[in-house]
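There are 4 protein chains.
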Amino acid sequence: MASIYGNRLQVSIFGQSHAPGIGCVIDGLPAGEEIDLDVLSAFLARRAPGRDPFSTQRKEADAPEIVSGLYEGRTCGAPLCAVIRNGDQHSKDYSEIADKPRPGHADYTAHIKYGGAQDVRGGGHFSGRLTAPMCIAGGIARQILARRGIHIGAHIYAVNGVYDTPFDPCLVSHADFCMLEDKSFCVISDKKGEEMQARILAAKADCDSVGGIIECAVTGLPVGLGDPMFDGMENRLARVLFGVPAVKGVEFGDGFASSALRGSENNDPMVMDADGRPQMTSNHAGGILGGITTGMPLLLRCAIKPTPSIGQEQNTVSLSRRENAALTIHGRHDPCIVPRAVPVIIAATAIGILDALLDSQNAFDLCH
Amino acid sequence: MASIYGNRLQVSIFGQSHAPGIGCVIDGLPAGEEIDLDVLSAFLARRAPGRDPFSTQRKEADAPEIVSGLYEGRTCGAPLCAVIRNGDQHSKDYSEIADKPRPGHADYTAHIKYGGAQDVRGGGHFSGRLTAPMCIAGGIARQILARRGIHIGAHIYAVNGVYDTPFDPCLVSHADFCMLEDKSFCVISDKKGEEMQARILAAKADCDSVGGIIECAVTGLPVGLGDPMFDGMENRLARVLFGVPAVKGVEFGDGFASSALRGSENNDPMVMDADGRPQMTSNHAGGILGGITTGMPLLLRCAIKPTPSIGQEQNTVSLSRRENAALTIHGRHDPCIVPRAVPVIIAATAIGILDALLDSQNAFDLCH
Amino acid sequence: MASIYGNRLQVSIFGQSHAPGIGCVIDGLPAGEEIDLDVLSAFLARRAPGRDPFSTQRKEADAPEIVSGLYEGRTCGAPLCAVIRNGDQHSKDYSEIADKPRPGHADYTAHIKYGGAQDVRGGGHFSGRLTAPMCIAGGIARQILARRGIHIGAHIYAVNGVYDTPFDPCLVSHADFCMLEDKSFCVISDKKGEEMQARILAAKADCDSVGGIIECAVTGLPVGLGDPMFDGMENRLARVLFGVPAVKGVEFGDGFASSALRGSENNDPMVMDADGRPQMTSNHAGGILGGITTGMPLLLRCAIKPTPSIGQEQNTVSLSRRENAALTIHGRHDPCIVPRAVPVIIAATAIGILDALLDSQNAFDLCH
Amino acid sequence: MASIYGNRLQVSIFGQSHAPGIGCVIDGLPAGEEIDLDVLSAFLARRAPGRDPFSTQRKEADAPEIVSGLYEGRTCGAPLCAVIRNGDQHSKDYSEIADKPRPGHADYTAHIKYGGAQDVRGGGHFSGRLTAPMCIAGGIARQILARRGIHIGAHIYAVNGVYDTPFDPCLVSHADFCMLEDKSFCVISDKKGEEMQARILAAKADCDSVGGIIECAVTGLPVGLGDPMFDGMENRLARVLFGVPAVKGVEFGDGFASSALRGSENNDPMVMDADGRPQMTSNHAGGILGGITTGMPLLLRCAIKPTPSIGQEQNTVSLSRRENAALTIHGRHDPCIVPRAVPVIIAATAIGILDALLDSQNAFDLCH
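Next comes the structure, spelled out in C-alpha cells:
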C-alpha cells in the first residue's frame, strides 16, 4: 500500500538506487497487446541521464529485461515484470549521508519512519532513479493507448520563472506531441527554451539548481471516463503524479488561475458540431467536469521543485551526535530535473489514463 | 471504486441532492473514541448554507442521524453510518436541465457516462450538497485527531485575485485556527477579507460568480507519517481533496511557487533544537519530504473554480434536438462557494490524515 | 477494510443488531438497471425470521428504505444506500452478556479487539441480523444478473448429518431454482427434508441447535470470468461467503471429496457440442478451472455451524470477576439457521458474481 | 487485481512457467526485520521438485535473487523483489497443447479469457511453479512471525482417502511442527504415511494421480486478530489459500464436520486459567469466532484435487478444428502434489496472518 498504483491496472514499483535492480510489475494489462520494445527503449531514453549538460553524468544502461508477461511479443494476461540492473554505482562511503540528512531530501523522514533501517545509498527507494520503472510501465501503457487513438504529450512549461507558450487548450494535437519529441530541449517556444537553459547553466555555475513546471496534455479521450468523487480523473491522476519525486503541485485546466476568474469567464460554453456532437468552445476545465472526461483535451500541470542536491554547503544535523552540522553534497546531480521529468510525467499520466479506461465499463473497447 | 476513500479508514459517501437522503459510512474507525455530537454539529454548521449574503438561501437542517457505529457515545468498532434527510427541495421541473447541460457542471459528462440514467435533479451525486457527509466524516476524524494533539485549520487565502496573508509556515498554530473559527468570514487579514467580500457582492450583482483559494494547515503531526510513492501524504491528500467539487488544483508547501526558486532557496535547513530534536528552520516543503511528514506544519492550498451556476444566459446544446440552445439557470446559488468550502477542505484533510495515521505502524498510538 | 467487499462493485455493510438501523451502500452498480422493489422484498422475505417453528420469533419488518442510488426506478450511477430500521428490540439488560461471553459467539473476541467498546446488544455488528443488508445487496445484484441470463439457486444440502440429493452438476437449471423457491423448506428431496425438520425439532426440544450445509449453483455464466491467483472465482466467492456468520467451510465442485479421487476420475473431459462449442461431459471442477469459469454450472457448498445460542446452561467466564461462570441464554433463537441462510448464501454469491462480471473486461456486456 | 494479495502487506506474484523468470514483490513489510536467507532457502527446498519418486523430475535451482528491499540483511522499508530464473525448460513444441486444452487445467479457460494470447508453455501463469514465489513471500513472512512467537505448521492430512491423525486442536505446538519438518513424508502417523505413499505409487503405476488434504495450524496468535465480515481471518485466509492451484475447499476448525453437530457439542466452553486469562476447553471453532482470533490454535484444512496432468489418454477438443480429439500428456508430472504443497499452504497462511497482524491496530507490536 505504498509503491502500488491503480484499481484495474496495478503497477508495483520496486528497487533502490543501489540495490541489485529496480523495476516494476504491471498486473491487469489487457491480453493480446503487442508491445514494441524498440519504441519502449526510445521512450526510456528520453529520461536517461548523461545526455546533456543539464543532467547527471551517471550512465545508466536502463535496458529493462522483461522477466514475464510477454509471450511472442504480446501481453499474455499474466503480470508483466521488468527489471533494470543497477550497474554504474559508486561504492562510496555512505556513512556521512546516513548521519547527516540532506536538506530537501527524504533522508530524515525515512530515517524516522523506518527506524534507521532504510537503504541510505543514493536515496534508496526515494531516488529519482525509481522513475525509470515508472517510465517502463507508462511507456507500455502509452502504446496501448496510442493504438486506441489516445495520445499524451508534454513540454517544459516553466523553468525558474521563465515560461513557455502553453498548449492551445482546444487545439492541442498529436502532431504537437511529435514535434516536441523531436526536440532535444522540449519546449514550444525555442526562444523561451534558450532562456531556460541559460537559467539552468547559471544555477549550475553557482553549484545550485532550479525548479520548473511541466504541462501535459491528452488527446483522443472518449467522453465519460473517470468516476465521481474520489475516483475522478483529477483524483486518479493526482495520485500517480505526486508519486513522481519533486512534484509539489498539480492542477487541471486553468487550475490555480481559475481562482481569479468569474464563472462567466471560466465556464466552457457548448455548441453542437457539424456531426451533431456536443463540443465546448473553450476548455478552462482542462477536459474534466465532475471528475469525468468531457471529450476535450485533458490538460494538467505539475510543479517540480528545484533539485535538492546542490553543491553548496548546507546546514543540517548529525543524528548520532545530536548537534548541528554542515554538509556539502558531492557527486553527480542534475542542476534541473525538469527536462528529464517530461517523459516521467507522460508515463505517470499514461498509467493513470489506462487504469481509468480499463476501469470504465465499455470505454476500453469503445476506443478501438 | 468511486465514492469510497481510504486504505484503513474507508469513507463511503452516498446520496443525491434530491434523493431521500445523503450520508456516509465510515469503516475502520478506531473503537472507544468518544464523539461529541454537539461539536460535530457546530462543525457542520460552518458549511451550512443560508447564513449570509454569499451563499444559497436553501435551508438545510443538516442534522445527521447516526444510524450505527456509536454505542454509549463512543465508536464501537462497527462501521459508523450517518444519514441526513433531504428536506427543503423544490419539486420543480428538471426536464430542461436534463436536456440542456449546464456549462461548467457535470451534467453532460454524467449524461454520457450513465447513458442518460443519472439523477439530474440538483446535480444528483455531483451536487455540492454531498460535501455535507464529507464534513460528517471529517468532523469525526478531526475529533479523534485533536485528542492526539493534531489540529487542522484553514482560511480563505484568495477570492477573485485578492489574497489574504498566508499562514506562517513554521509558526502556524492551533491558536490561529481557533481565531479563524470565530470569524464569520474566515480570513487572517480582515482588510483583505473586506475586499474579497466586495468582489463577491459585485459578482452577485452581475449574476456572476467568483473562485478562490483555500489554505489549510495541520499541526502536531508526528514525523514519519505517509508512505513512499503512491501513498505519500501528497498523494493521499490530493486524492481526497480533488473529491471536493470545484477543486482544480492542489499544492503543498511552496507548491507552484517553488518552481521559480533555486535549490538553495527552497531547501529547508535543519538544526538541532534545545531538546536534541531535529527541526527545520524554514518550511518550503510544507511539512512533507519523500511523501513523509517532517514534523513541521503540513501546508496545502486548493484552487476552487468559480461556481458554475450563474444567472446569466449561457450557450449550451439541446441533447434531444441536437442543436444549439440558450440556458438561463434560475434558483438559489452561491456567488462564491469558497467561504462554505473552508470546513469541507478541513474535513477532507482530516479524513486523509486519520487514514494515514491508522495506516502507519505505531504512529497512531504514539500520538496519544 | 472489514465490512466492505468487492473490487468494482463495492458493498459496504453497516449496523448493529440494536442500533437505530442496519443497511448497506453499494458503490459501482451499473447505471440504468431497473430494480423491482417487490421482487427484492420477496427475496428478503425468504430470510425474514418468525415464519416457522425453526426460526426466532423476532418480527422484523425488514422493509428497506432506498435512501439513494435509484432515480425513476433505475440505478443512476450513484451509490445505492438502503437502510432498515431496527424496530422490535427488547430493551433488556445486557450487562450479564457484556461480562459473560457466550460460547461460540464473537462476544469475547470482540471484547478484546475493541477494548470493551463494542456494542454488546444482540451481538452488535456480529449479529446474524446483518445478513439482511447482505440480502438487499445480493437481491439487487441478482436482478441485474438474471437480466443477463445468469441465475443463482440454493438448497439445504444437509442438516445435522441428513443429506439432501445434490444438484446435478451438469444439468442443474433455472427451473430447479424456481421449484426450490416455491418450497417452504428448501430441499430437493422432500423426504430428506422431513428428516431434517425432525432433527431440528428434536434439537429445539433439547434447548439445543443443529448445523448444516447449503449447496448453491450458478447457471448461465460466460466462459472466462474470474482472474488468476488471488482473484479467481473461488477466492472471490470464498471471501464473501465467509462473511456470512457461522460459515466454517467453503468448497467448489467436488471440493473435499475430490481429495479422495484419482485424476482420471476428477478431470472433466471435453467434447465439441453440435454448435461447435467446447463442453465438459462432467463437472467435478464445479465450473471453475484456474480460478476462471468454464461455462459449466458453478457449484459450491458452505458448511454452517450449529447456532451457538442455545438454551442449555453453558460454562463461560466472568470477565470482570476473572472467574468461571455459568450462563443460560434466554430469548428467541433459531434452533437451526440453515433454512434462513439459503437466501443469504444466494445473496453473497450474487454479489461475488456481479463483482467478477463487472471486473471482467467485456464480459458484462457480452452477457446482455 | 489478480495476482496481488493483501491489505497492508501486498504480495504481487509474477511469472510464467517458461518465461525468463518468476518472482514476487512484497510491499509493506515492516522495516528492520532480519531475513535469514539460509532459512529461506531451506524452506523453499521443501517444495522443490525432483527429490523423491512422488514428484516431477524437473530440477529447479529455485535460488531466488533478492533484487531489492533488503539492506545489510534487513528489510529496509522498500518493496522486496525476489526473482527466480527459469532454467531447466524443455523447449518442446507447445502447438498441440495450445490447440487441445488439457482436462482439469486452465488451458481452455485461459484461452477464452485472454483471447488466445496466453502463454501456453507449461501452464504459463497458472503453473504450479508459481507457488515458488508464494513460498518466498511466505517464507519471509514466517520469519517475521516466528520472531513474535507465532508459528505455523502443516501435515499431509489425507491422500486418496487415507487419513492421518489430525492435530490436537488445543495442544498442537511448535514442537509438533519441528517434528513434522524433519520428516521426508510429512505426516503425524508414519503408518498412515506408508499407506498414502502406496496409494501414490499405485496411481503412478497406472499413469494416474491422486489428491489429498493438508491440515495447517498456527500457534501463538494474539486474541483479537482479524476484522468482522469480509476481512475476518477465514475470509483473508481463504482468499490466499484458494490462490494455491488445485485447492478446491477450505475449512476452519471442525469445518464441514460441524454441520453434523449440535450447538452443545460445537460450542467451546470457556474457563479462567490460573493466570486469570480466559481459555477455551475445546477448539471446534479452530481459533476463530466472528472472524477474530480467540487465542486458541488456528486450524484449517485445504482440499487438494488430484494433479490433472496424467499419462493416460484423455478426451478433449481441438479448438482450431472444432472437433473432438484425444490427448496424451507426456513429460514430468507429480502423481501427487500434496507432499510438495505442504510448505505452500504454510506460506499462504503466513502471508495471510502477517497481513492481518499488520492490519490490526497495535497487535503487531503487542506480539514482540
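Chains as they are written, first to last, in the numbering used here: chain G, 199 to 566; chain C, 199 to 566; chain Z, 199 to 566; chain A, 199 to 566.
Virtual Cβ for every residue (Gly too), placed ideally from N, Cα, C.
These numbers come from a predicted model, not from an experiment.
For G285 (chain A) against S215 (chain A), the beta-carbon gap comes to about 12 Å, at or over 8 Å, which does not count as contact. F440 (chain C): not part of any beta strand (DSSP E); DSSP gives it neither H nor E. Neighbourhood of I202 (chain C) in chain Z, by CB distance below 7 Å: Q208, D225, in chain order. Here I282 (chain G) is bridged, per DSSP, to G:I220.
The C-beta of E521 (chain C) comes closer than 8 Å to at least one C-beta of chain G. Remark: three or more beta-carbon pairs, one from each stretch, lie closer than 8 Å, so the segment 531-546 of chain Z and the segment 351-360 of chain Z are flagged as touching.
About 25 Å separates the beta carbon of A344 (chain C) from that of I411 (chain C), a gap too long to meet the 8 Å contact definition. In the DSSP assignment, H349 (chain Z) falls within the unbroken beta strand (DSSP E) covering 349-357. Between the alpha carbons of R530 (chain Z) and Y306 (chain A) lies a gap of roughly 51 Å.
Under the Cβ criterion of 8 Å, V281 (chain C) is counted among the residues facing chain Z.
Less than 8 Å divides the Cβ of R206 (chain G) from the Cβ of D557 (chain G). Under the 8 Å criterion on CB atoms, H303 (chain A) is classed as interfacial with respect to chain Z.
C-alpha of E379 (chain Z) to C-alpha of M478 (chain G): approximately 54 Å in a straight line. For A308 (chain G) and V408 (chain A), the gap between their C-alpha atoms comes out near 51 Å. If you draw a 10 Å sphere on the C-beta of R520 (chain G), you find fewer than 16 other C-beta atoms in it, and that means exposed. Contact check for P467 (chain G) against T514 (chain C) passes: the beta carbons are separated by less than 8 Å. Near chain Z, meaning a CB-to-CB distance below 9 Å, the residues of the segment 259-276 of chain C are E263, I264, V265, S266, G267, L268, Y269, E270, R272, T273, C274, G275, A276. Of the candidates Z:R272, Z:M431, Z:F375, the residue whose Cα lies closest to the Cα of V445 (chain A) is Z:M431. Annotated as proximal: R244 (chain A) and V540 (chain A), with beta-carbon spacing under 8 Å. Between D425 (chain G) and G489 (chain G), the CB-CB gap stays under 8 Å. The beta carbons of I348 (chain G) and V237 (chain G) sit no closer together than 8 Å.
Residues of the segment 396-408 of chain A with a Cβ closer than 9 Å to any Cβ of chain G: none.
Interface with chain C (8 Å Cβ-Cβ cutoff): D317 (chain Z) is included. Take V448 (chain C), set aside five residues on each side of it, and the residues of its chain with a beta-carbon closer than 6 Å to its own are A436, L439, C500, in chain order.
Approximately 6 Å separates the beta-carbon atoms of S516 (chain C) and K298 (chain C); this is inside 8 Å, confirming the contact. One thing to note: S266 (chain A) has its Cβ within 8 Å of the Cβ of G219 (chain G). Taking CB atoms only, K311 (chain Z) has a neighbour in chain A less than 8 Å away.
In the structure shown, the three-state DSSP call for K446 (chain Z) is strand.
The segment 327-340 of chain A and the segment 218-233 of chain A touch, with no fewer than 3 CB-CB distances between them shorter than 8 Å. Exposure of E270 (chain A) is indicated by the presence of fewer than 16 other C-beta atoms within 10 angstroms of its C-beta. For M494 (chain G), same chain residues with a beta-carbon under 6 Å away, outside a window of 5 residues either side, are M478, N481, G485 in chain order. Taking the Cα of V442 (chain A) as reference, the smallest distance to any Cα among A:G509, A:V542, A:G474 is reached at A:V542.
Each residue's CA atom was taken as its position, placing A546 (chain A) and D225 (chain A) some 16 Å apart. For Y361 (chain A), the closest of A:C368, A:V385, A:G313 by C-alpha to C-alpha distance is A:V385.
For the options C:P476, C:I544, C:G302, C:T526, the alpha carbon positioned closest to that of L497 (chain C) is the one of C:I544.
Sequence-distant Cβ neighbours of V421 (chain G) in its own chain, meaning closer than 7 Å and more than five residues away, are T491, T492, G493.
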